[in-house]
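Before any comments, here is the structure.
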Amino acid sequence: MKTQITKIEITPIEIPLHEPFVISKGALSVAKNTVIRITIGEGLSGTGECCSYRSIHAETQEGSIAAAQKIAALLLGKDAREIRKCVRLMDQHFVGNASIKCAFDMALYDLNAQLCELPLYRYLQGDGTKTIHTDMTISLLSKEAMVEKALQYQGQGFPALKVKLGDRPSRLDVDRMTAIREAVGSELPLRIDANQGWNYLEASSALHQMAHLDIEHCEAPVSGTNFIDLKKLNQESPIPIMGDESIFSHQDAYRMLAHDCVNLINIKLGKSGGINHAMKIASVAEAAGVDCQVGCFSESRLAITALTHFAKAWDHIIYHDLDSPLMQVDDPVIGGISYQPDWEVTLDESVGIGASFDEAFLNRFDQISIAAS
Ligand SMILES: [Mg+2]
């Protein structure tokens with residue numbers, strides 16, 4: 609089979625959310641994502657998706673579309689089996705742009721797993737025995753609204769809740785978490801994510817005041833670039849610190865672990881630039897004996913299916929935040945993960961990612977197609 613890349617389609621899509629998703633950096637009402645479809649030879653294609661979250665990536669959908677056209681020109685004619693070479697080419701020509709690179713990388717992995725006639729998790733050397741349950745995320749709202757959401761999600765059977773914090777002053781967040789823990793009882797696992805909203809003193813104070821609330825971990829208490837304060841917090845906090853916005857790359861992971869700045873890592877394909885680099889982050893964490901979480905931005909079920917395959921291949925990924933499709937009004941994806949009543953996230957044995965976008969949905973948007981001449 610001919611494996612040269614012959615066509616790349618770039619489609620900006622929009623999926624409204626049921627209600628605004630609010631973090632300390634602001635609110636999101638519509639997921640503005642980008643779909644990349646890479647075709648090889650006479651017609652086999654792979655699909656990837658990214659959600660460029662400007663307050664975290666410093667990328668926008670418009671910027672991703674522009675970068676995607678340049679990347680497409682670089683990759684046309686290349687052998688799609690040579691993933692590492694394609695990733696290196698992207699990295700060589702574009703600093704950053706992790707989000708859009710992720711969509712290309714994901715499409716290449718989809719293609720290669722299909723070429724090997726394997727589900728992606730098997731292509732990534734997973735054995736299929738690992739079970740995955742997603743948590744559900746509560747937006748940063750008033751204390752009363754967050755308690756109501758916590759009770760609603762507990763009633764729906766979610767096995768863990770992730771709570772968005774990062775308000776200032778941080779005592780407001782302590783009040784929120786105290787009320788949520790009181791409402792849901794002592795059994796339900798709770799995790800928190802400040803999305804860099806606190807400064808050192810507020811973080812230190814909040815983490816100590818929440819010590820008795822049995823919180824599994826805290827993501828991004830202070831700015832991701834503030835290694836000095838992250839290190840201090842990691843050493844003193846009664847709640848384990850998870851690196852998220854501080855760790856995009858495997859080099860970041862190495863630096864943060866070597867300097868004792870975090871004890872856990874949140875891996876997102878949209879931060880690492882895709883699966884190829886995410887495997888390196890997982891490897892660095894494994895070498896350091898550090899557990900990981902997989903997390904999302906506002907991707908549809910397609911990218912979250914790819915992420916589930918990735919998570920299935922690594923035993924030390926023990927936390928799974930795979931809830932973004934649950935917040936979306938439309939589900940434009942055919943195939944892929946299923947959410948079970950107990951929120952286990954299951955895959956079938958379809959080859960590749962095993963999911964694709966509904967063509968009628970994609971046709972609603974302006975598609976850019978770049979083909980080899
Ligand atoms: Mg986070």
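This note's numbering numbers the first residue of the sequence shown as 609 and each following residue consecutively. Glycine included, C-beta positions come from ideal geometry on N, C-alpha and C.
- Excluding sequence positions up to five before and after H867, its CB lies within less than 7 Å of the CB of F835 and K839, all in the same chain and listed in chain order.
- In this structure V703 is exposed. Its beta-carbon is surrounded by fewer than 16 other beta-carbon atoms within 10 angstroms.
- Excluding sequence positions up to five before and after A635, its CB lies within less than 6 Å of the CB of P628, all in the same chain and listed in chain order.
- In chain order, A802, W806, A811 and L841 place their CB closer than 6 Å to the CB of P829, counting only its own chain and leaving out the 5 sequence neighbours on each side.
- Of the candidates D923, G960, P846 and S906, the residue whose Cα lies closest to the Cα of L625 is S906.
- By the criterion of a C-beta distance shorter than 6 Å, L910 is surrounded in its chain by E657, V941 and A963, once the five residues flanking it on both sides are discounted.
- Per DSSP, R692 is one residue of the alpha helix (DSSP H) stretching across I691 to H701.
- The closest CA to that of N884, considering only I621, A715 and A968, is found on A715.
- 8 Å or more divides the Cβ of C694 from the Cβ of L684.
- Placement of the Cβ of D852 at a distance of less than 7 Å from at least one heavy atom of ligand 1 is found.
- Apart from sequence neighbours up to five positions away, the residues of its chain that approach A768 with a beta-carbon distance below 6 Å are D743 and P797, ordered along the chain.
- For A819 and I926, the gap between their C-alpha atoms comes out near 22 Å.
- Note on geometry: alpha-carbon atoms of A721 and G881 lie some 18 Å from one another.
- Residue environment analysis places S794 among the exposed positions, since fewer than 16 neighbouring C-beta atoms fall within 10 angstroms of its C-beta.
- Here V937 is actually not in contact with L749; their C-beta atoms are around 19 Å apart, not less than 8 Å.
- Looking at the DSSP output, I618 sits in a beta bridge with I644 and I976.
- A Cβ-Cβ contact shorter than 8 Å links K610 with I648.
- Secondary structure at Y927: strand, using DSSP grouped into helix, strand and coil.
- Under the criterion of beta carbons closer than 8 Å, S831 and Q804 qualify as touching, at roughly 5 Å.
- Annotation: D929 to Q859 spans about 23 Å, alpha carbon to alpha carbon.
- The secondary-structure analysis by DSSP pairs G878 with nothing; it has no beta-bridge partner.
- If you draw a straight line from the Cα of S632 to the Cα of S663, it is about 10 Å long.
- In the DSSP annotation of this structure, D743 is not part of any alpha helix (DSSP H), being labelled neither H nor E.
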